[in-house]
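Notes to accompany the following structure.
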Amino acid sequence: MTSFLAFSTIPTLGFSSSSSSFSRASFPSRLNSLSLNHRSKLCKSVVKCNYAEVGVKDGFKSTTIDVVADVKTERVVVLGGSGFVGSAICKAAVSKGIEVTSLSRSGRPSYPGSWIDQVTWIQGDVFYTNWDEVLFGATAVVSTIGGFGSEEQMQRINGEANIVAVNAAKEFGIPKFILISVHDYNLPSFVLSSGYFTGKRKAESEVLSKYPNSGVVLRPALIYGRRRVDGFEIPLDLIGEPAERILRAIENFTKPLSSLPASDLLLAPPVSVDDLALAAVNAVTDDDCFGVFTIEQIKEAAAKVKV
Ligand SMILES: NC(=O)c1ccc[n+]([C@@H]2O[C@H](COP(=O)([O-])OP(=O)(O)OC[C@H]3O[C@@H](n4cnc5c(N)ncnc54)[C@H](OP(=O)(O)O)[C@@H]3O)[C@@H](O)[C@H]2O)c1
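Numbering (this note's numbering), first residue to last: -9 to 297.
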């Protein structure tokens, strides 16, 4: 992720001072030939410094060396960063040194947390927000927006809200869009035609058509972890974690049942909110990661960035 290119490597005397400057003209052509997408993710600085080894006599002339540091600075915008999944994504991204901005109608969460202070919280609604303020400098957008309600509400929040966001991100030239969608549970078509699922699939199509080479759709089943509701934590992990372990242990035996309609309501392994968050972070940082991710692939993607 970080590399250093020395223009001149004549180590001489007296570690004295260093100063930073930004100069496109002094970048080697390798950097200038990078794709726009890649370049927008690099923070390039030329560092001039003089230094010397301890014990070397005075009288030697110090020589300036220029070092170009390609520091990949990611800045992710999490839509719904105050929610159950969104907050896990913000926390995981912060822990990986990624700059994070969240947009949600409620804004900054009221509970404490050191990671919370490291997120820029914007209060707003995707339908009415000032995208200039939200997307400025972003290298990726992750949308966790979605939910239940009437047919109309589900179409609007799962579908239209995300479509608006994808188009705003595309217009602003944000290189990557990641959507938290949902597994289809092998449900019969009359259930899949509900506003929740049709909204999700419309949003997915928008991501994949506007971002054919960098869009990511994560399709988890039930997500477990500690969900905060009105100041209380609901420990969904007490059920979710053992359920995931058991279902994974018996999946070879249950596979034949997966062709039965709705069988995945019982058989699809739940996904830890932390794994889902890491899979989203992996999608942000890995330029080769795009397309639709199943439950199994979410787990694999999370493992890539787990320490
Ligand atoms: N939880 C699960 O088991 C599960 C399983 C599979 C898939 N999913 C999907 O995963 C995603 C996240 O789920 P979750 O459980 O984390 O939901 P959540 O806790 O309700 O979070 C949704 C977030 O979206 C924000 N939001 C909603 N409408 C908005 C709007 N118009 N403008 C700006 N922000 C808005 C909410 O904040 P405000 O209300 O403050 O705006 C909240 O921060 C959803 O798309 C859901 O369908 C969830």
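The beta-carbon is built from N, C-alpha and C at its ideal position, and this holds for glycine as well.
Distances from the alpha-carbon of residue 105 to those of 117, 94, 87 put 87 closest. Boundaries of the beta strand (DSSP E) harbouring residue 206: 206 to 208, taken from the DSSP string. DSSP places residue 170 in the strand class (E or B) of the three-state scheme. At least 7 Å separates the beta-carbon of residue 124 from that of residue 169. With a cutoff of 7 Å on beta-carbon distance, residue 182 and residue 252 are scored as not near each other.
If you look at residue 77, you'll find it in the alpha helix (DSSP H) that goes 74 to 85. Burial is judged here by how many other beta carbons sit within 10 angstroms of a residue's own beta carbon; residue 285 has at least 16 and is buried.
Taking 6 Å as the cut-off, the C-beta of residue 262 does not count as close to any heavy atom of ligand 1. About 16 Å separates the CB atoms of residue 171 and residue 116; that is not less than 8 Å, and the two are not in contact. For residue 281, the shortest separation between its Cβ and any heavy atom of ligand 1 does not lie below 6 Å. The three-state secondary structure of residue 229, taken from DSSP, is helix. Here the distance from the Cβ of residue 232 to the nearest heavy atom of ligand 1 is not below 6 Å. Boundaries of the alpha helix (DSSP H) harbouring residue 285: 285 to 295, taken from the DSSP string. Following the DSSP letters along the chain, one finds residue 134 in no beta strand (DSSP E), marked with neither H nor E.
Of the candidates 212, 214, 136, 136 places its Cα closest to the Cα of residue 192.
If you draw a 10 Å sphere on the C-beta of residue 201, you find 16 or more other C-beta atoms in it, and that means buried.
Using a Cβ distance threshold of 7 Å, residue 159 and residue 167 count as a contacting pair.
In the displayed model, residue 164 falls within coil according to three-state DSSP, outside both helix and strand. For residue 64, the secondary structure class from DSSP, reduced to helix, strand or coil, is coil. Residue 94 sits in a strand when the DSSP states are folded into three classes.
Residue pairing of residue 110 in beta bridges, as defined by DSSP: 91.
Rounded to whole angstroms, the gap between the alpha carbons of residue 103 and residue 249 is 44 Å. Proximity of the beta carbon of residue 212 to ligand 1 is indicated: a heavy atom of the ligand is located closer than 6 Å.
Residue pairing of residue 213 in beta bridges, as defined by DSSP: 261. In this structure, 109 is the residue among 109, 296, 295 with its C-alpha nearest to the C-alpha of residue 91. For the pair residue 267 and residue 78, the CB atoms are nearer than the 7 Å cut-off.
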